Amino acid sequence: MPSAAEVKIYPRSAHTISRTQISENALKVLYRLQKSGFDAYLVGGCVRDLLLGREPKDFDVATNADPEQIRKIFRNCRLIGRRFRLAHVHFGREVIEVATFRGGGEEQNDRQMLNKEGRLLRDNVYGTIEEDVWRRDFTVNALYYNIRDFSVVDYTGGMEDHRAGMLRLIGDPETRFREDPVRMLRAVRFAVKLGFKLHPDCEKSIPELAELLSNIPSARLYDEALKLFLSGYALQTFEMLRHYGLFKVLFPATESSLAIEENGFPKLLLIKALENSDNRIAEGKTVTAYFLLAAFLWEPVQVEAKENMIQGMVEYIAYQEAAGKVISRQIKSTALPRHISMAMREVWNLQPRFAARIGSKPNRLLKHPRFRAAYDFFVLRAETGGADPELADWWRRYQDASEAEQRKMTQPSRRLQHGKSCRKKNFRKNPSSNATGNES
Ligand code: ATP
Ligand code: MG
């Protein structure tokens, strides 16, 4: 633990954070705490992002006021958390999180509870700013912007690491990863998001400790997985997670399917899905978790379904069963909320229905509430050799066609003609191609 002498204070003139970058509501909270006689700092990701000139996702405040004192200052405030109480100050849709400095640093090990793998089970003691610093993960996440004089307070060398674009854990990397293995995922997330490098010591520990993630509650891993893959840098994240042996802990079945890839097919589908999602985010469009997750688990479902068909199950049932099994295995690693797994199954179940182009079936599929996602998924498959591109194109035209044209497109005579030409075509080398999407 450093003494106060080791603190570096960067005055306003020595850093680039200006109050105009800070949300008005966060400033209100900081000033009100200060006026009430408390210390108040911005801390964590927002300081790190402001130093990069980026707009922070949210603003977190740290103070020496305890939660009850915070509540008395702000009417629009709710206390959350049982073990460690935090205050949420609400301003319409914006929430400013205000946390009391937390204690439980190194010299208080007797007050901390670690499990046999070294995981931190309890850290619910209030402390001072000097103590609060040491519970944080990376040095660049442990910078405090002081509202009193607009200086940045740095106990861990975070400012220098920030300038060097370096993610360094505070303290011994192995100990810190053992305390909370999710920090390994955070390391990847920040490295990708900020374009920072992982410090070599930190990097070295990850593959050795990756397996510890499997002890983390699946609900927390689901939340982290969403942050990782809905960040706008999903592809890079995926590659880095695989590189460090972290991906297989989150998605074991997907990892196995990548290992047995044929003609690069499963990896291609996944990469395309990740790329699409990054592009959509870059264009300001929304992305849905279930679509990506459906792509992650599509190949495992196919493998399982093929097994089932070999056992004599009819295709439709084989897929249903496979989906159920793949999902129930996946939720041992990351939870999947029910509405998410239902949506994934719908996307999968609708895939064979793209093969039917006559009569009323196409129109019924078009009206299905999950049509759009299922169609996008079908296109993804067609683009990566898993379904007939001509069929995907037919559906593109069908959607845009007038009602009269649609009726023409779905007349039986046309189907017969098309059926002939389609049978001759071998559009995909992957053996599971006939299972869905192909006209039979
Ligand atoms: P972003 O919000 O951009 O994802 P962030 O750094 O603000 O990044 P949060 O999860 O919002 O991340 O956490 C706020 C701060 O709390 C972090 O900057 C860090 O100081 C601390 N923190 C969060 N999670 C952990 C953890 N698992 N271990 C140690 N410190 C943590
Ligand atoms: Mg944050």
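Residue numbers (the UniProt record's numbering): 1 to 440. Glycine is no exception: its CB is placed at the ideal position from the N, C-alpha and C atoms. Since the model is a prediction, treat every value here as computed from it, not as a measurement.
Cβ neighbour criterion (16 or more within 10 Å) applied to residue i
i	result
TYR31	exposed
TYR222	buried
TYR145	buried
ILE80	exposed
ALA187	buried
ASN279	exposed
GLY104	buried
ASN115	exposed
LYS429	Note on LYS429: pLDDT 40, under 50, position unreliable in the model; no value is reported.
GLY165	exposed
HIS243	exposed
TYR155	buried
GLU224	buried
LYS57	exposed
PRO181	buried
PRO337	exposed
THR175	exposed
HIS284	Per the sequence presented here, residue 284 reads as Gly, with His not at that position. With fewer than 16 Cβ atoms within 10 Å of its Cβ, GLY284 is classed as exposed.
ASP49	buried
ASN438	Summary for ASN438: the model assigns pLDDT 35, below 50, so the residue's position carries little reliability; its value from the coordinates is reported in the next sentence. So ASN438 counts as buried.
THR20	exposed
TYR316	exposed
Presumed contact (8 Å Cβ cut-off) between residue i and residue j, rounded CB distance
i	j	result
LEU246	LEU185	6 Å
ALA289	LEU230	7 Å
LEU297	MET344	7 Å
LEU213	VAL249	4 Å
THR139	GLY118	Not really, about 21 Å apart at Cβ, beyond 8 Å.
LEU42	ILE70	Incorrect: roughly 15 Å between the Cβ atoms, too far for contact.
HIS199	LEU228	In fact, because the Cβ distance is near 20 Å, the residues do not count as touching under 8 Å.
Residue i (DSSP reduced to helix, strand or coil)
i	result
HIS199	coil
ARG178	helix
ASP60	strand
MET313	coil
HIS339	helix
GLU255	helix
VAL95	strand
LYS204	helix
ASN430	Because ASN430 sits at a pLDDT of 42, beneath the cut-off of 50, its placement in the model cannot be relied upon, and the following sentence gives the value as read from the coordinates. ASN430 falls in the coil class under three-state DSSP.
ASN308	helix
ARG119	coil
VAL125	coil
ASN76	coil
TYR222	helix
ALA295	helix
HIS243	helix
TYR41	strand
ASP393	helix
PHE238	helix
ILE22	coil
ASP388	coil
TYR10	strand
Residue i versus residue j - alpha carbon distance
i	j	result
VAL303	PHE190	34 Å
GLN351	SER360	17 Å
THR16	VAL326	50 Å
PHE38	VAL301	56 Å
residue 444	GLY53	Since the displayed the chain opens at 1 and closes at 440, residue 444 lies outside it and no answer follows.
ALA273	LYS72	48 Å
LEU241	GLU203	12 Å
ALA282	GLN311	45 Å
GLU160	CYS46	17 Å
ASN141	ALA322	43 Å
GLU255	ALA356	33 Å
GLN330	VAL153	43 Å
LEU51	ARG397	49 Å
ASN276	VAL61	35 Å
ALA374	ASN349	9 Å
ASN406	LEU391	Residue identity differs from the one stated: residue 406 is Gln in this sequence, not Asn. For GLN406 and LEU391, the distance between alpha carbons rounds to 15 Å.
ARG102	GLY92	28 Å
MET309	GLY386	18 Å
VAL314	PHE238	35 Å
TYR10	PHE196	22 Å
LYS420	ARG353	At LYS420 the pLDDT is 44, less than 50, meaning the model places this residue with poor confidence; the figure from the coordinates comes in the next sentence. Taking the straight line joining both Cα atoms gives about 19 Å.
ALA404	ALA318	37 Å
ALA14	GLY171	26 Å
PRO369	PHE251	28 Å
ILE216	PHE291	24 Å
LYS28	ALA65	16 Å
C-beta neighbour in chain B for residue i, strict 8 Å
i	result
PHE371	Protein chains in the displayed structure number just one, and chain B is not present.
Residue list, Cβ distance to ligand 1 heavy atoms smaller than 5 Å = GLY44, GLY45, LYS57, ARG136, ASP137, ASN141 and ASP180
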